[in-house]
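Enquirer: Once you've had a glance at the structure underneath, I'll fire off some questions.
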Amino acid sequence: GGGLPTADYLSVDLQPRPPRLPAFGTGGDVWRIRRLRALDSVPAVLEEIWLDGSCADQLDMSWLPESLYAFYQSELGFWISRAEDSVGVGTIPDWAPDIFGLAAGSASGVVDRRAWAQGPDA
């Protein structure tokens, strides 16, 4: 395998939906979850995850497990039925922690995943 994957939560915030996000959900607010993923304790990936604000009244980093897909199903009542990834080139975001090892603004590979919950629109 590729090593033991882990996730360290950097922030969890409820905020107004940024205009750059695609349309999803029913709420005007969105949850933004930022994580640092590692393989065998080596920082590997920065994640920024967006959830419809109506999926939960509260989210706290201390509640969130490393496996978010299982959490979505057991605690939020939905599951991911389909996902689509696109790969490109971008830059390291300004919220990257120093331990990530690359400076904000440095060139980086970028994977955008759009995922759909179960249901007729999935």
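For the sequence shown, the working numbering assigns the number 42 to the initial residue and increments by one for each residue that follows.
Where is the CB? At the ideal position from N, CA and C, for every residue including glycine.
1) DSSP on E107, reduced to helix/strand/coil?
2) Is it buried or exposed, G94, if we count other Cβ atoms within 10 angstroms and call 16 or more buried?
3) Does D101 come out as helix, strand or coil in the three-state DSSP assignment?
4) Please classify L92: is it buried, with 16 or more other beta-carbons within 10 angstroms of its beta-carbon, or exposed?
5) Quick one: give me the first and last residue of the beta strand (DSSP E) that S82 is part of.
6) Taking DSSP's pairing of strands, which residues face D126 in a bridge?
7) Compare the Cα-Cα distances from A97 to each of V83, L77, F119, A85 and report the closest residue.
8) Give the C-beta separation of V152 and D126 to the nearest angstrom, bearing in mind that I take them to be a contact with Cβ-Cβ under 8 Å.
9) Hey, A48 and R75: beta-carbon distance below 7 Å or not?
Expert: Looking at the atomic coordinates:
1) coil
2) buried
3) coil
4) buried
5) From DSSP, S82 is part of no beta strand (DSSP E); its letter is neither H nor E.
6) R154
7) F119
8) 6 Å
9) no
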